[in-house]
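For the sequence shown, numbering that gives the first Met the number 0 assigns the number 0 to the initial residue and increments by one for each residue that follows.
Idealized CB from N, CA, C, for every residue including glycine.
Beneath this line is the structure, given in structure tokens, with notes to follow.
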Amino acid sequence: MKQEIKKRIYFNEYNFLMGQTTYLPLVSGLLQAYAEKTPDLRNHYDFMPFLFHVDLPEKIISQIDNPFIATFSVMMWNEQLSLQVAKEIKDKFPNCIIIFGGAQPPHRPIDYFKKYPFIDITVRGQGEETFSKILTALVDKSDLREIPSMSWRDPVSGECIVNEEELIFNNDLDRFPSPYLKGLYDDLIKSRKDLNFQAILETNRGCPFMCTFCYWGMGGLNRKFSFHSIERIKQEFEWCGKNGIVYIFNADSNFGQHNRDMEIVDALIKTKEKFGYPEKFRTCYGKNTDEKIYEIARKMFENKLEKGITLSRQSNDREVLKIIKRGNIKMSTYVNLQKKFNEADIPVYSELILGLPGETYNSWKQGIEDLL
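Structure (structure tokens):
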């Protein structure tokens, strides 16, 4: 019996290329690692090498041959490149299914589909389960309309159909295999000695806040937290240490908010003591925490894991904060934290976002003055 030729999937996740340094493609790895849990998907699909950094469109296209699916993780820094490459893939391979996910595609992408007729499917929120359900439906030739958290183009009318249903919440993140621990990046690291790789890790997902400028709360989809186990986190730290990963970005919304975060920091410090890596660990600290954040940040700074501590404001204007649904820590708390960090010789900095809804020239000036 003739063996069926596997259908090729190309993951496109264009991270910054900073000189010879770039991030390992976390989203692509998570999608592949979860899909490979299903034997039918492993047998039916061929997961091609990751396309993982910003490049000239023609160089990216030259690496793609006979694709069945091209999936794109789309953020504001790579949206235009993703759109251009996706269009050219569709022009060259009309039967290729184009899937967009990430923060940029709207949750109701009706106008987005009209504007970009080469997009076939968009996924909202976290994508592992939805993506695998799509792959399964394409294998079984079943209807896509039963899959939650996605929109797709009707093959007859060309119109966008939105499934309003959301995935059922599950607080166990370990159900998603780690692409680091599964070895999905091992060949990439060995074959690309010309590049220095950075890693993105998660200890949890979700955010209780609803700041409208930020995708972490995802319009209310992920206000509950889900967690990776401490053991899983330690193993990923160990992987980074063994592979000489210099810089880790921690993709948590409010690090320091949970009691277990100090244990995570202690594990990180032990990893650095053992391997000399990572050299730096960058994180986004919790918005409404005082003493825990100070102790964690102090520990990280003393072990040369953190260059400076962010005390974010975004805006100091009450009306702006109300419009953007932002709950800042009290200025008195902010001042207290700043003083403690200064006394410990730990650098701190703040962030204001230019042009938020309701912000005026005068309120912006006043916000800067308050900080100074």
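In this structure, the alpha-carbon of A32 lies about 17 Å from that of I98. Looking from the CA of F300, the closest CA among F340, L30, F67 belongs to F340. Going by DSSP, Q62 is part of no beta strand (DSSP E) at all; its letter is neither H nor E. Short of 8 Å from the beta carbon of E294, and not among the five residues preceding or following it, lie these beta carbons of its own chain, in chain order: M261. Rounded to whole angstroms, S81 and E278 show a C-alpha spacing of 32 Å. Segment contact: the segment 258-274 against the segment 185-193, fewer than three CB-CB distances shorter than 8 Å; contact not assigned.
By the Cβ rule, the segment 118-126 counts as touching the segment 84-102, because three or more pairs are nearer than 8 Å.
Comparing alpha carbon positions, the residue from K86, Y246, I118, L16 closest to H52 is L16. 9 Å or more divides the Cβ of D265 from the Cβ of F226.
Nearest Cα to Y284 within the set H257, I268, N302, K303: H257. By the neighbour-count criterion, in which 16 or more other beta carbons inside 10 Å mark a residue as buried, G354 falls on the exposed side.
The three-state reading of DSSP puts C210 in coil, since its state is none of H, G, I, E or B. With 16 or more neighbouring CB atoms inside 10 Å of its own CB, Q103 falls in the buried class. Taking a 10 Å sphere around the C-beta of N42, we find fewer than 16 other C-beta atoms and assign the residue as exposed. Here Y179 has E235, W238 as same chain residues with Cβ atoms under 6 Å from its own Cβ, once five neighbours each way along the sequence are excluded. The segment 140-152 makes contact with the segment 160-170; the number of CB pairs closer than 8 Å reaches 3 or more. Annotation for V347: G307, I308, T309, L310, L336, Q337, F340, N341 place their beta carbon closer than 8 Å to its own, counting only its chain and skipping 5 residues before and after. In this structure, the beta-carbon distance from F49 to P66 does not fall below 9 Å. In the displayed model, C159 falls within a strand according to three-state DSSP.
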